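Under our numbering, think of the first position of the sequence shown as 15, with each following residue one higher. Structure first, commentary second.
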Amino acid sequence: MQTSEDLPQTSSGCVLYEYVPPEIIQRFDDYLGFEDSSHFQISDDPSDCYLQCSYGRSPKRQFCEENLSEVLEKCENIDQVVIVIKEMGNLFGDFEQVRLRSMKETTPYHQGGYLASFFMRIPPQIIARLKSVSLHVDIMRESFGELWFPCPVQDLRYCISNLVDAHFETFVQISFCSASMHPSDYDVRNFLINGMENVLKEMTEKDAKTDFSIDVNEGYVDMTIEKGNVEYSFAFFYYNPEICEPSSPSTCASSSSTESSDTAIETPSNVFDSQFSIDDQQSVQIFDNQSFNSYNIQNLFVPIDLAANISSPSAAALMQFQQFFFVS
């Protein structure tokens, strides 16, 4: 017969906590405060705004963005912030005006982007305790004909100007994903790459570390900029069910925006052979700071007339703000 001395010496509190069913924890949590939360996520999707404690056991506590100021004033332990964006926001209006906007109203093309809009609403005591800030923008459309947006740069410029020497780390990942391939995609991809080239040149002049890569087989194009405590990446690509996990915000948009992953994407024959000219090389092309200046990305692509290849409403919106973002 075992005595109490023979039993493992384990904290009774830990034992009880580990064996309490989640639904019971949820009932207790309904009566507890949220002030001890340390992880914070805000999104343009109201159902994806929540607080969570550091140990992750307690359920996520959802809140409304309208109550953001009150939440942040009461939560003194927040040190990790995640911003998740699933749609483009309001593309009409004054992009140069810096003012308070909701996440749903903000776009990557407003002055300072999402980060400027967010930090305008954060009290200094929260900023002083931050360890990391992550921004994930994942825009998915059926085709690149609907992804006519210019290469985003506002959040990057805000980071380089304000967050390089911050005491916390900043990670920004923006992606445009097309669910299907079409020969006419060439115009939009060329438009995006032209913008990426200009962004890379601008960041190289600011002594940032830059990388640029193209995967011809997958139709994947990516650029990464690093400086100080800032890491920024922008990519556009085709949805691939073998490598895209719908549940991961940093990889692809949610599965609700796409068809079943079992549905194969029809690839037009020789679609990339006719659109990419890289001397028969099919491997990923990498351009760092040194090689970028000696290699003109435009050698891979021909000039385009983007507005002639997109729908009328989209073209009208593009013309409205092309004076700010369209690069020649």
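Ideal placement from N, C-alpha and C gives every residue a C-beta, glycine not left out. These numbers come from a predicted model, not from an experiment.
Status (buried if at least 16 other CB within 10 Å, exposed otherwise) for residue i
{"i": "P164", "result": "buried"}
{"i": "Q55", "result": "buried"}
{"i": "D221", "result": "exposed"}
{"i": "S208", "result": "Looking at the sequence itself, residue 208 is Asn, so the reference to Ser does not match. Its Cβ being crowded by 16 or more others within 10 Å, N208 is buried."}
{"i": "L114", "result": "exposed"}
{"i": "S83", "result": "exposed"}
{"i": "M154", "result": "buried"}
{"i": "Q139", "result": "exposed"}
{"i": "F106", "result": "exposed"}
{"i": "K88", "result": "exposed"}
{"i": "S131", "result": "buried"}
Close Cβ partners of residue i (< 6 angstroms) along its chain, the five nearest in sequence each way excluded
{"i": "A249", "result": "S189 and D236"}
Simplified DSSP state of residue i, which is helix, strand or coil
{"i": "D225", "result": "strand"}
{"i": "Q168", "result": "helix"}
{"i": "D294", "result": "Note that D294 scores a pLDDT of 33, beneath 50, so its modelled location is shaky; the value from the coordinates is reported in the next line. Coil."}
{"i": "V235", "result": "strand"}
{"i": "R75", "result": "strand"}
{"i": "R115", "result": "coil"}
{"i": "C191", "result": "strand"}
{"i": "S198", "result": "coil"}
{"i": "A180", "result": "coil"}
{"i": "I92", "result": "coil"}
Nearest-angstrom Cα separation, counted from residue j out to residue i
{"i": "M102", "j": "D152", "result": "9 angstroms"}
{"i": "Y123", "j": "E90", "result": "32 angstroms"}
{"i": "A142", "j": "Y172", "result": "18 angstroms"}
{"i": "K145", "j": "T184", "result": "9 angstroms"}
{"i": "V147", "j": "F77", "result": "19 angstroms"}
{"i": "T218", "j": "T224", "result": "7 angstroms"}
{"i": "N81", "j": "V230", "result": "46 angstroms"}
Chain-order list of residues whose beta-carbon lies under 7 angstroms from that of residue i (same chain, five-residue window excluded)
{"i": "G242", "result": "V178 and D179"}
{"i": "E119", "result": "G103 and N104"}
Close-in-space but distant-in-sequence residues of the same chain around residue i (CB under 8 angstroms, 5 per side omitted)
{"i": "G126", "result": "V112, Q168, D169, R171 and Y172"}
>> Does the stretch 198-214 come into contact with the stretch 163-181, if we say contact requires no fewer than three beta-carbon pairs (one atom in each stretch) closer than 8 angstroms?
In response: yes
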